[in-house]
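Since the structure comes first, as structure tokens, the remarks are kept for the end.
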């Protein structure tokens, strides 16, 4: 009986430790570290002058660094278990910002439909020329806080090509071979070419 009690206590202790670690991951990182992670998402030539959004010590979404070029970098959302950073030209900001607003309003599932309605109504702008979005993510455990690099980092590339058709581009309209580019949301106002890491399988 004593042995069972000891094992239960050890299990509870292990669970508490795991919960403590999970809570630690959710803390807001220092602004300087957020900036280092965020700019890793962008091509090297755009990193130094990019405007960076992230979170202040109270968790509010703010501008962490003003920019001098036409690029925006987003620091990871501290509430997520993985560190996801993004970079894109300012021409995509109205579309991206509206998505953030709708998520903040609890409308994550409805955001695509709402943005499409607003685009059709002329209330939302998305570039009509091909436009890139860069994704960069990894784990806090593998983060180098001096450089913003993560040893387990992955990269995703998204090229928006509004109203594009897969056949016209010589592409598939759904994921096939892991890592091969494919066209998502074919024919829509936000049709985009997905280029995922091969080791992600078929995930979006």
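Numbering (mature numbering (1 follows the signal peptide of the UniProt record, and there is no 0)), first residue to last: -20 to -1, 1 to 184.
Here a beta-carbon is modelled for each residue, glycine too, at the ideal position from N, C-alpha and C.
Please read these numbers as outputs of a predicted model, since none were measured by experiment.
- Listed as beta-bridge partners of residue 134 by DSSP are 117.
- The continuous beta strand (DSSP E) containing residue 164 extends over residues 162 to 164.
- Pairing residue 156 with residue 113, the inter-Cα distance amounts to about 21 Å.
- A contact is defined here as three or more CB-CB pairs under 8 Å, and the stretch 134 to 147 meets this definition with respect to the stretch 105 to 123.
- In the DSSP assignment, residue 175 falls within the beta strand (DSSP E) that extends over 172 to 175.
- The continuous stretches of alpha helix (DSSP H) do not include residue 108, and DSSP gives it neither H nor E.
- Residue 33 has 43 and 54 as its beta-bridge partners, per DSSP.
- Between residue 134 and residue 162, the CB-CB gap reaches or exceeds 8 Å.
- With fewer than 16 other CB atoms across the displayed protein chains lying within 10 angstroms of its CB, residue 160 is exposed.
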